[in-house]
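Trainee:
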Amino acid sequence: RFAMPEEGVAITDGALKLALNDDRVRVEQGELKGQSGRIVVSGEAQLKNPQAGLILTFEKFAVTNRSDRRVIVSGVTQLNLDAQRLQLTGELTADRARLEMPESSRPTLSSDVVVVGRPPREKPVAQRYPLALDLTLKLGKDFLFKGAGLDARLGGQLRVFTANQTLRGEGTIMVEEGRYAAYAQTLDIERGVLRFGGPIGNPGLDVLAVRKTPTVKAGVQVGGTVQRPVVKLYSDPALPDTEKLSWLVLGHGLDNVGQQEFVVMQVAAAALLSQADSVSFQSKLADTLGIDSFDVRSGGGEDLTSTVVSVGKRLSSRATLSYEQSLDGLSQVVKVLYQLTPRIRLEAQAGQQSSFDAFYSREYD
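Each residue of the sequence shown is one higher than the one before, starting from 1 at the first, in this note's numbering.
1. According to DSSP, residue 152 sits in a beta bridge with which residue or residues?
2. Would residue 28 be called buried (16 or more neighbouring beta carbons within 10 Å of its own) or exposed?
3. Note the first and the last residue of the continuous alpha helix (DSSP H) segment covering residue 245.
4. Which residue from 50, 44, 363 puts its Cα closest to that of residue 83?
5. Could you give the residue range of the beta strand (DSSP E) that holds residue 84?
6. Do residue 31 and residue 14 have their beta-carbon atoms positioned less than 9 Å apart in this structure?
7. Nearest to residue 244 by alpha carbon, out of 36, 74, 149, 210?
8. Is it buried or exposed for residue 102, if we count other Cβ within 10 angstroms and need 16 for buried?
9. Within 10 angstroms of its Cβ, does residue 165 collect 16 or more other Cβ (buried), or is it exposed?
10. By how many angstroms is the C-alpha of residue 324 removed from the C-alpha of residue 353?
11. Going by DSSP in three states, residue 202 sits in which element: helix, strand or coil?
12. When the Cα atoms are used, what is the spatial distance from residue 308 to residue 350?
13. Kindly indicate which three-state DSSP category residue 357 falls into: helix, strand or coil?
14. Hey, how far is the Cα of residue 177 from the Cα of residue 229?
15. How long is the line joining the alpha carbons of residue 170 and residue 154, rounded to whole angstroms?
16. Specify, as a first and last residue, the run of the beta strand (DSSP E) that residue 13 falls within.
17. By alpha-carbon positions, which one of 214, 72, 222, 167 ends up nearest to residue 200?
18. Within 10 Å of its beta-carbon, does residue 145 have 16 or more other beta-carbons around it, so buried, or fewer, so exposed?
19. Quick one: residues in its chain with C-beta nearer than 7 Å to the C-beta of residue 303, no 5 flanking neighbours on either side, listed in chain order?
20. Using DSSP with H/G/I as helix, E/B as strand and the rest coil, what is residue 265?
21. Output needed for residue 152: all residues of its chain with C-beta closer than 6 Å, excluding positions within five of it in sequence on either side, in chain order.
22. Quick one: what does DSSP say residue 188 is sitting in, helix, strand or coil?
23. Give me the residue from 45, 5, 35, 36 with the minimum Cα distance to residue 19.
24. Out of curiosity, what's the CA-to-CA distance linking residue 343 and residue 358?
25. With a threshold of 16 other CB atoms inside 10 Å of the CB of residue 265, please say whether the residue is buried or exposed.
26. Measuring only the C-alpha atoms, how far is residue 361 from residue 337?
27. Identify, in the order they occur along the chain, each residue of the same chain with its Cβ nearer than 7 Å to the Cβ of residue 134, setting aside the five sequence neighbours on each side.
28. So, is residue 58 buried or exposed, given that buried needs 16 or more other C-beta atoms within 10 angstroms?
29. Quick check on residue 77: buried or exposed, where buried means 16 or more other Cβ atoms within 10 Å of its Cβ?
30. Distance check for residue 213 and residue 72, CA to CA, integer angstroms please.
31. Going by alpha carbons, who is nearest to residue 399 out of 130, 217, 173, 181?
32. Could you compute how far the alpha carbon of residue 317 sits from the alpha carbon of residue 250?
33. Please report the distance separating the alpha-carbon of residue 224 from that of residue 205.
34. Alpha carbon to alpha carbon, how far is residue 335 from residue 312? Give it in angstroms, no decimals.
35. By Cβ distance below 7 Å, which residues in the same chain neighbour residue 355 in space, the five residues on each side in sequence not counted?
36. Could you check if residue 197 is buried or exposed, using at least 16 other CB atoms within 10 Å of its CB as the buried criterion?
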């Protein structure tokens, strides 16, 4: 019996019929049965100068069988071993797959943490034989993925291989149908493509996810690569970026935006766009609203908590009026700032705590 409990896989039954000839062993008949499916084995090995060539035929075999991931595959692979390396080649097709990504917010232990009463983690043993890999993986028609807001059926195929001891990929994985959840909204994925043509961890992106209303279709386009994504707002018909984000996040234009919704839009802009694009959007939103400043920041002081949205309007060259509200809605503050002289600034504040302050500043070289 062979088992990998961490993957929920076990070889529960099987039979091998071997033929010996001097230092050579030939598998005349071999079958390994798992909890789901089987692996048919054939090939031969040499004992004196260790060499082996095995053909492994997977027939609806569960290569992983956990509550959060279950993958059943069929296909043929060839395993070759000599004094220099271990080589695995072939083609596998996923007959059925269910992958679920855990919540990213779940806490995990660092690799250097020692838990009292638990056996210490074994240090990884260096590979005796370098692995040369060249596998073609076909996702089939029943490959479902759920996690990080994505709920989709995937398709396509990917060749995974090693080159100069680096794992690389060639091929395309597509979202055949799917949805993406963000900001309490569900976006339809009209186009979702991962293009592999280099290191396996950095495929190219081509994604369009949209929210549809009777009059406007708004969404996000994602290009670039996984390590350097480029996000742009999208709408049909074409609209200014501020309107695009409003339709995407709120489902309506800026004409009907409420106070709390402005906060949601700004937080969404910070999450979706790059820092430079987010700052640009903030400026555009302020212009659209007819104000001079619009900002979202972490709260500070005794009367403001959580995230704070601030809206400001310049009354004159010296006076500025601003309104601040915490995202939880528990605190509101109205401020009037007056620059009396280049060095003296007066500040009046009304809210849960009212105050009047004078500030004197001086610069030193």
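All C-beta atoms in this analysis are idealised placements derived from N, C-alpha and C, irrespective of residue type, glycine included.
Mentor: Taking the geometry as given:
1. 145, 178
2. Counting Cβ neighbours within 10 Å, residue 28 comes out exposed, since fewer than 16 surround it.
3. 241 to 249
4. Check the Cα spacing between residue 83 and each of 50, 44, 363: the tightest is with 50.
5. From DSSP, residue 84 is part of no beta strand (DSSP E); its letter is neither H nor E.
6. yes
7. Residue nearest to residue 244 within the set 36, 74, 149, 210 is 210 (criterion: CA-CA distance).
8. By the neighbour-count rule (16 or more Cβ atoms within 10 Å), residue 102 is not buried but exposed.
9. exposed
10. Using only the alpha carbons, I get a separation of about 13 Å.
11. coil
12. 16 Å
13. strand
14. 22 Å
15. 16 Å
16. 9 to 21
17. 167
18. Taking all protein chains shown into account, residue 145 has 16 or more neighbouring C-beta atoms within 10 Å of its C-beta and is therefore buried.
19. In this predicted model, residue 303 has a pLDDT of only 41, less than 50, meaning its place in the structure is not dependable enough to derive any value.
20. In this structure, residue 265 counts as helix in the three-state DSSP scheme.
21. So the list reads 145, 175, 178, once near-sequence residues are dropped.
22. strand
23. 45
24. Their Cα atoms are separated by approximately 10 Å.
25. Residue 265 comes out buried.
26. In a straight line, the C-alpha of residue 361 is about 15 Å away from that of residue 337.
27. Only 89, 161 meet the Cβ criterion.
28. Looking at its Cβ environment, which holds 16 or more other Cβ atoms inside 10 Å, residue 58 is buried.
29. buried
30. Whole-angstrom Cα-Cα distance: 39 Å.
31. Residue 399 is absent from the structure shown; the chain starts at 1 and stops at 365.
32. 35 Å
33. 6 Å
34. 9 Å
35. 349
36. That one is exposed.
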